[in-house]
Amino acid sequence: MTAPRENQAPAGRPTGVIVLADGTVLQGFGAGKTGSAIGEVCFNTAMTGHQEILADPSYAGQIVCFTFPHIGNVGANIEDEEASSDQGRKAAVGMISRAPITPPANWRAEQGFGDWLADRAIVAVTGIDTRALTRRIRDEGMPMGVIAHDPEGQFDLDALKALAAAAPTMEGRELARAVSSTGAADWDEGDWAWSTGFAMGPKDGPLVVVLDYGVKANILRRLASAGARVHVVPGSASAADVLALQPAGVLVSNGPGDPAATGQYSLETIRGVIDAGVPTLGICLGHQMLALALGGKTLKMVQGHHGANHPVKNLETGQVEIVSMNHGFAVDAATLPADAVQTHVSLFDGTNCGFKLKDRPVWAVQHHPEASPGPQDSFAVFETFVSALKEAA
């Protein structure tokens with residue numbers, strides 16, 4: 001393991017700043033990459049999994065404020081990566097925390113968290129009153145901002161304020177192309193086990209083609225572990241490209257940005273797959289784009305849902321599932337087609353978190369069923385999907 005260069009809050013001038021679009025300046029101490037980055041500032045309530053969160057391509061173009069004060073003690077390792085090298089390892093651009101980054105104290109750590117942030121080109125600022133920033137986002141929404149790190153503490157605040165004020169919001173932004181795979185490839189890695197590492201995926205079983213708009217690696221692992229052969233194609237693939245592979249099913253993946261913007265090039269493909277009768281599952285951004293493809297609408301949320309302990313009610317079973325969330329847009333349930341049935345709702349704000357069609361094999365969930373925020377409440381999404389493909393074979 002490389003020697004950590006974790007940051008400790010130094011005496012003297014701040015080495016990190018966050019400038020919000022309204023000109024607010026928050027001063028702290030820099031870590032990770034030096035320089036600056038522009039993004040939408042959101043908060044995430046997870047107490048663990050910080051590497052997986054920041055490596056999730058769905059966070060592309062965002063600066064993540066962690067509400068849990070401590071960070072870094074688990075370190076980082078290659079097995080917990082969520083973005084493949086083919087996706088350019090692009091995800092969150094910035095990180096905000098209350099406490100300084102601590103050296104790793106975990107047997108799985110291969111790298112200190114500060115080093116990992118620098119390698120992933122993530123600008124970080126610690127020493128921030130994250131509780132106050134979270135309250136502001138909760139009350140006023142997710143602002144655009146600039147995060148900057150300079151070891152010498154030299155900042156042109158006027159220039160940073162101008163950058164933050166001019167930053168385009170997430171509405172209307174297409175970010176999925178930048179984190180989608182550049183080519184098609186098979187995926188054969190299954191779930192991770194304590195003593196043996198990642199299992200191998202099946203050599204037979206139903207073929208699931210994944211439309212990659214920034215797919216998390218663990219979605220692919222869960223599909224493989226549920227018994228599917230997995231083949232990943234870029235989000236720009238056409239319906240003809242997908243159908244030529246003769247898939248038993250298609251998964252429309254998670255990803256960043258405004259689903260309506262991504263839909264400008266993806267909805268025709270999704271409609272083509274649905275019209276061909278291929279069973280289709282959408283997750284997160286994929287859930288939103290399935291809704292758009294069926295004539296529904298999406299809405300920009302004030303604060304979004306970002307965390308690992310969100311209660312979602314499964315309306316089919318009556319059970320409450322504790323799930324991971326990461327989205328700033330939501331499906332307007334009132335605009336879903338007449339043949340759609342709402343299957344999940346958020347118990348935080350009642351927003352739609354899932355639907356299925358009555359007469360066609362289409363399912364979608366807003367939350368991340370591949371994540372393990374302690375429980376594994378939503379893993380059945382993959383088992384149910386793959387079982388349906390096997391029964392239809």
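If you're matching positions, the sequence shown starts at 1 in the UniProt record's numbering and goes up one per residue.
We put the beta carbon where it would ideally sit given N, CA and C, even for glycine.
Please report the Cβ distance between residue i and residue j, rounded to the nearest whole angstrom; I am assuming they are in contact, meaning their Cβ atoms lie under 8 Å.
i: His367; j: Val323; result: 4 Å
i: Asp258; j: Glu171; result: 6 Å
i: Val179; j: Gly214; result: 4 Å
i: Pro168; j: Leu20; result: Contact flag wrong, Cβ pair sits at about 15 Å.
i: Gly296; j: Leu267; result: Actually they do not touch by this definition, with Cβ atoms about 11 Å apart.
i: Ala118; j: Ala308; result: Contact flag wrong, Cβ pair sits at about 25 Å.
i: Gly235; j: Asp212; result: 5 Å
i: Ser346; j: Val312; result: 6 Å
i: Pro57; j: Ala99; result: Incorrect: roughly 27 Å between the Cβ atoms, too far for contact.
i: His50; j: Ile63; result: Not confirmed; about 14 Å, so no contact.
i: Gly190; j: Gly201; result: 5 Å
i: Glu218; j: Glu82; result: Correcting the residue identity first, residue 218 is Asn in this sequence and not Glu. Rounded, the Cβ-Cβ distance is 7 Å, consistent with contact.
i: Trp187; j: Val230; result: 4 Å
i: His327; j: His344; result: Their Cβ separation, rounded to whole angstroms, is 13 Å, which puts His327 and His344 out of contact at 8 Å.
DSSP state of residue i, grouped into three classes?
i: Glu40; result: strand
i: Arg229; result: strand
i: Pro16; result: The question names Pro, but residue 16 in the sequence shown is Gly. DSSP places Gly16 in strand when its eight states are reduced to three.
i: Phe379; result: coil
i: Gln62; result: strand
i: Asp241; result: helix
i: Ala83; result: coil
i: Gly255; result: coil
i: Ala132; result: helix
i: Val179; result: helix
i: Asn218; result: helix
i: Arg5; result: Confidence is the limiting factor: at Arg5 the pLDDT is only 45, short of 50, which leaves the residue's position unreliable and the question unanswerable from this model.
i: His287; result: helix
i: Thr262; result: helix
i: Phe113; result: helix
i: Gly249; result: strand
i: Gly201; result: coil
i: Gly307; result: strand
i: Asp212; result: strand
i: Ala21; result: coil
i: Ala334; result: helix
i: Asp191; result: strand
i: Ala388; result: helix
i: Thr169; result: coil
i: Ala276; result: coil
i: Leu163; result: helix
i: residue 397; result: In the structure as shown, the chain begins at 1 and stops at 393. Residue 397 is therefore absent and cannot be evaluated.
i: Ala224; result: helix
i: Pro373; result: coil
Residue i: which of the options sits nearest, CA to CA?
i: Lys33; options: Thr126, Phe43 and Asn44; result: Thr126
i: Val331; options: Asn309, Lys356 and Asp150; result: Lys356
i: Pro256; options: Ser346, His231 and Ala60; result: Ala60
i: Phe66; options: Ile270, Pro337, Asn77 and Ile101; result: Ile101
i: Pro375; options: Phe348, His310, Ser346 and Trp187; result: His310
i: Ala164; options: Lys390, Arg13, Thr335 and Ser36; result: Ser36
i: Phe329; options: Thr24, Cys42, Leu26 and Pro14; result: Cys42
i: Leu133; options: Gln27, Gly72 and Asn106; result: Gln27
i: Ala159; options: Ala333, Lys390, Leu299 and Val25; result: Val25
i: Val17; options: Val146, Asn352 and Val381; result: Val146
i: Gly23; options: Val341, Asp156, Ser181 and Ala185; result: Asp156
i: residue 394; options: Gly304, Asp80 and Ala261; result: The structure shown does not extend to residue 394, since the chain is modelled only from 1 to 393, so the question has no answer here.
i: Ala55; options: Thr48, Asp80 and Gly39; result: Asp80
i: Arg135; options: Tyr265, Val233, Trp192 and Gln303; result: Gln303
i: Val233; options: Arg271, Gln246, Pro247 and Ala185; result: Ala185
i: Ala392; options: Gly354, Pro206 and Gln154; result: Pro206
i: Met325; options: Met301, Cys284 and Ala248; result: Cys284
i: Gly350; options: Asp339, Ala333, Val365 and Ala364; result: Ala333
DSSP beta-bridge partners for residue i?
i: Ala340; result: Leu357
i: Ser346; result: Val312
i: His368; result: Ser324
i: Ala124; result: Ala31 and Met95
i: Asp186; result: His231
i: His149; result: Gly16 and Gly35
i: Met144; result: Glu40
i: Phe329; result: Lys300
i: Trp107; result: BP columns for Trp107 are empty, so no partner.
i: Gly282; result: Val252 and Ala364
i: Asn352; result: Val345
i: Leu292; result: Answer by DSSP bridge pairing: none, since Leu292 is not bridged.
i: Ala76; result: Gln111
i: Leu26; result: Ile18
Check whether the segment 291-298 and the segment 316-326 touch, using three or more Cβ-Cβ pairs below 8 Å as the test.
Fewer than three beta-carbon pairs drawn from the segment 291-298 and the segment 316-326 are found closer than 8 Å, and the two stretches are therefore not classed as touching.
For the 8 Å Cβ check, are there 3 or more pairs between the segment 233-249 and the segment 276-288?
yes
Report yes or no: do the segment 119-134 and the segment 95-103 share at least 3 C-beta pairs separated by less than 8 Å?
yes
Flag this pair as touching only if the segment 223-238 and the segment 24-32 have three or more C-beta atom pairs under 8 Å; answer yes or no.
The segment 223-238, when compared against the segment 24-32, does not touch it at the 8 Å Cβ threshold.
Given 8 Å as the limit, is there contact between the segment 104-118 and the segment 72-81, that is, 3 or more CB pairs closer than that?
yes
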